[in-house]
Amino acid sequence: MPELPEVETIVQDLRPQLAGRRIESVQLTRDPAIRGRLVRYPKAATFIRRLRGRTIRSVERRGKYLVMPLDKDGERLVVHLGMTGHLRVWEPEEAPVKHTHFRALLDSGLELRYDDPRQFGRLLLGTQEALIAGRAFPARLGPEPIHGDLTEAEFDRIVKSRRRPIKAALLDQSFLAGVGNIYADEACFRAGIRPSRWTHRLTGRERRALYSAIQEVLENSIAARGSSIINYVDAFGLRGTNQEKLLVYGRSGEPCIKCGTPLQGTRLAGRGTVYCRKCQR
DNA sequence: CTACGGACCTGACCGC
DNA sequence: TGCGGTCAGGTCCGTA
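If you use my numbering, the first sequence corresponds to residues 2 to 282, in order.
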């Protein structure tokens, strides 16, 4: 569900609510199956024990991961929202929504809660090295596509380094961190490139167009507080507005915004894919 | 290295 | 109302 812009929005919202706050108590769902799925590292019981009493230093983002460095020893609380995860701060007396699996009472008197109907998300606690060693966090995560971290030369290099359909590359988090199904399709459309095009066959001009398009779609979406398609909401429970600006995603069969040709829906890299047969070559 | 399919879950939606 | 099938912003694993 959440890609880079949605996670970035949540990070920005949570930062003032969480930075400097101490975690007074921690509650995890009692269902052992859900616990095991949700808490990937360390074991659930250890996770609870080690998290209690810790102070959240800051709230950051790496790709689609929320990263919260804790006081001392380089440990961090890491959250991936999967498809349907929500992380937000509630008044303790508010009734928890269905599928609330994790709650942490803060010294501000408010409560940080995680809910996730599909249970694809996860919670991790440890140093960067421990999480990688425990295979809970990817050892190779690609560069951040925005905020000037990725140069055009570097993008060029990684696109040319492997041969695969460009959309498969964009979705691969070890290639580029944070792009998912929505923004991969949107970026390809803006760049005029078919998602099925082979990476090593893109021209220099096409690579440059794609580089700009990726940054454009991500930055525009952050400015609109993310795309709410099915159930994404920000850290205040509010929908973003970028879905209104999506040019191809979710518009299969509808007319192309540029040329009017019905948009083509297909399957690529195992994911629903939409593009314009005429505008994207 | 790559690609493909399936697995992991719930829930919304559609046609019958 | 109900039932089955399909689909969904994501990853991960096994198999070719």
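We treat Cβ as the ideally placed atom computed from N, Cα and C, and that holds for glycine. As the structure is a prediction and not an experimental result, all values here were calculated from the model.
### Nearest candidate by alpha-carbon position, reference Ala289, set Arg63, His87 and Ile57
No answer is possible for residue 289: the residues shown for the chain start at 2 and end at 282.
### Nearest to Gly21 (by Cα), restricted to the options Val98, Leu124, Leu52 and Ser59
Counted from its first residue, the first sequence places residue 21 at position 20. With distances taken between Cα atoms, Gly21 lies closest to Ser59.
### Message
If distances are taken between C-alpha atoms only, which option among Arg191, Leu203, Gln216 and Arg202 comes closest to Pro144?
### Response
Against the first sequence, residue 144 aligns to sequence position 143. The shortest Cα separation from Pro144 among Arg191, Leu203, Gln216 and Arg202 belongs to Gln216.
### Query
For the alpha helix (DSSP H) that Pro3 lies in, which residues bound it at each end?
The residue given as residue 3 occupies position 2 in the first sequence. Counting along the chain, Pro3 falls outside any alpha helix (DSSP H), and DSSP gives it neither H nor E.
### Task
Assign Asp150 to one of three DSSP states: helix, strand, or coil.
In the first sequence, residue 150 corresponds to position 149, counting from 1. In the structure shown, Asp150 sits in coil (DSSP, three-state: anything other than H, G, I, E or B).
### Message
Quick check on the burial criterion: 16 or more other C-beta atoms within 10 angstroms. Buried or exposed for Thr200?
### Response
Taking the first sequence and counting its residues from 1, one reaches residue 200 at position 199. Per the 10 Å Cβ criterion, buried.
#### Entry: Alpha-carbon to alpha-carbon, Leu67 and Val8
Position 7 of the first sequence, counted from the start, is the residue given in the question as residue 8. Position 66 of the first sequence, counted from the start, is the residue given in the question as residue 67. Each residue's alpha carbon lies about 7 Å from the other.
### Task
Could you round the C-beta distance between Ala105 and Glu112 to whole angstroms and report it? I think they count as a contact, below 8 Å.
For the purposes of this step, residue 105 is taken as the residue at position 104 of the first sequence. For the purposes of this step, residue 112 is taken as the residue at position 111 of the first sequence. The Cβ separation is near 7 Å, so the contact holds.
### Residue interval of the beta strand (DSSP E) (run including Pro70)
Against the first sequence, residue 70 aligns to sequence position 69. Start and end: Tyr66 to Pro70.
### Task
Look up Glu130 in the DSSP assignment and say whether it is helix, strand or coil.
Here residue 130 is taken as the residue at index 129 of the first sequence, counted from 1. The answer is helix: DSSP assigns Glu130 an H, G or I state.
### Query
Using the beta-carbon count (16 or more within 10 Å), is Pro6 buried or exposed?
Within the first sequence, the letter at position 5 stands for residue 6. Result: buried.
### Task
Compute the beta-carbon to beta-carbon distance between Gly296 and Thr10, rounded to the nearest angstrom, for a pair I have assumed lies under 8 Å.
Residue 296 is absent from the structure shown; the chain starts at 2 and stops at 282.
### Query
Are the Cβ atoms of Pro3 and Tyr233 separated by less than 7 Å?
The residue given as residue 3 occupies position 2 in the first sequence. The residue given as residue 233 occupies position 232 in the first sequence. Against a cut-off of 7 Å, the Cβ pair of Tyr233 and Pro3 comes out as a contact.
### Phe190 to Arg252 span [Cα, whole Å]
As a working mapping, residue 190 is identified with position 189 in the first sequence. As a working mapping, residue 252 is identified with position 251 in the first sequence. Cα to Cα, the separation comes out at about 12 Å.
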